[in-house]
Amino acid sequence: DAGVIQSPRHEVTEMGQEVTLRCKPISGHDYLFWYRQTMMRGLELLIYFNNNVPIDDSGMPEDRFSAKMPNASFSTLKIQPSEPRDSAVYFCASSFYPFNEKLFFGSGTQLSVL
Amino acid sequence: AQTVTQSQPEMSVQEAETVTLSCTYDTSESDYYLFWYKQPPSRQMILVIRQEAYKQQNATENRFSVNFQKAAKSFSLKISDSQLGDAAMYFCAYRSFQGGSEKLVFGKGTKLTVNP
Numbered sequence: 001d002a003g004v005i006q007s008p009r010h011e012v013t014e015m016g017q018e019v020t021l022r023c024k025p026i027s028g029h030d031y032l033f034w035y036r037q038t039m040m041r042g043l044e045l046l047i048y049f050n051n052n053v054p055i056d057d058s059g060m061p062e063d064r065f066s067a068k069m070p071n072a073s074f075s076t077l078k079i080q081p082s083e084p085r086d087s088a089v090y091f092c093a094s095s096f097y098p099f100n101e102k103l104f105f106g107s108g109t110q111l112s113v114l
Numbered sequence: 115a116q117t118v119t120q121s122q123p124e125m126s127v128q129e130a131e132t133v134t135l136s137c138t139y140d141t142s143e144s145d146y147y148l149f150w151y152k153q154p155p156s157r158q159m160i161l162v163i164r165q166e167a168y169k170q171q172n173a174t175e176n177r178f179s180v181n182f183q184k185a186a187k188s189f190s191l192k193i194s195d196s197q198l199g200d201a202a203m204y205f206c207a208y209r210s211f212q213g214g215s216e217k218l219v220f221g222k223g224t225k226l227t228v229n230p
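As structure tokens, this is what we get:
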């Protein structure tokens with residue numbers, strides 16, 4: 001398996017633009033997580049899915065953020081409109097059930113909003 | 115809410131020496147798992163070691179071992195015979211599943227420098 005695949009690796013956009021981050025989890029994994037990493041706040045859980053269903057989105061900062069998982073092999077995180085404070089590295093991770101299983105992380109998307 | 119604290123933002127060690135990274139956590143749950151992840155400059159998060167809370171025996175993976183003190187809610191990582199490739203950010207993480215909700219919380223990380 002190729003691991004968790006995220007795209008793009010880098011994204012530079014202007015304030016107000018829509019940004020879509022993509023993730024392909026490892027085949028067979030039941031859980032998918034979206035994390036945001038910044039120097040100030042570290043790794044923050046934004047949302048996670050279990051069997052394609054969003055379970056907890058309490059970490060999503062605002063209504064500008066939305067995430068979908070239309071099928072078991074694909075998820076998106078969308079920011080509309082983007083703001084400079086959204087600049088961060090966004091990670092997608094997946095794992096098997098149960099929760100004691102380790103997370104497999106993608107390489108992250110470095111987002112810069114100018 | 116569960117919290118994970120890594121009190122050492124940065125640490126350094128000489129090659130071949132031993133270093134210990136600290137982690138404490140706060141929880142009222144009895145069943146949970148603890149992890150150490152490594153993040154090299156490539157950004158890829160890599161699992162280093164995992165500890166089940168119900169196990170008293172400390173986990174070991176080659177040069178990496180933990181000192182798990184459940185009562186003290188402490189979970190430190192010891193790296194023996196440090197190598198240049200060990201230089202990275204290290205994150206302590208807590209994971210549990212209770213009340214139908216998954217909880218996975220990371221500390222803010224410790225940057226480890228390995229000096230030749």
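Chains as they are written, first to last, in our numbering: chain R, 1 to 114; chain U, 115 to 230.
In this text, a Cβ means the ideal position worked out from N, Cα and C, and glycines have one as well.
Only a predicted model underlies this, so the values are computations on that prediction, with no experimental measurement involved.
Under the DSSP definition of a beta bridge, residue 180 of chain U partners with U/191. Not a single CB atom of chain R sits nearer than 9 Å to the CB of residue 177 of chain U. Residue contact check for residue 89 of chain R against chain U: a CB pair falls below 9 Å. In the structure shown, the three-state DSSP call for residue 198 of chain U is helix. Per DSSP, residue 128 of chain U is one residue of the beta strand (DSSP E) stretching across 124 to 128. Secondary structure of residue 85 of chain R (DSSP, three-state): helix. Chain U places no beta carbon closer than 9 Å to that of residue 36 of chain R, leaving this residue out of the contacts. Considering only beta carbons, the part of the segment 194 to 217 of chain U lying closer than 9 Å to chain R consists of 205, 207, 209, 210, 211, 214, 215, 216, 217, in chain order. At a cut-off of 9 Å, the C-beta of residue 135 of chain U has no neighbouring C-beta in chain R. Flagged as an interface residue toward chain R: residue 161 of chain U, by a C-beta distance shorter than 9 Å. The residue among U/151, U/144, U/156, U/154 with its C-alpha nearest the C-alpha of residue 170 of chain U is U/144. For residue 158 of chain U, the nearest beta carbon of chain R is closer than 9 Å to its own beta carbon. If the five residues before and after residue 76 of chain R are omitted, its C-beta is found closer than 6 Å to the C-beta atoms of 20, 22, 68, all from its own chain and listed in chain order. Residue environment analysis places residue 119 of chain U among the exposed positions, since fewer than 16 neighbouring C-beta atoms fall within 10 angstroms of its C-beta. Taking 9 Å as the CB threshold, residue 22 of chain R stays off the interface with chain U. The beta carbons of residue 123 of chain U and residue 225 of chain U sit about 7 Å from each other, so the pair counts as a contact at 8 Å. In the DSSP assignment, residue 56 of chain R forms a beta bridge with R/48.
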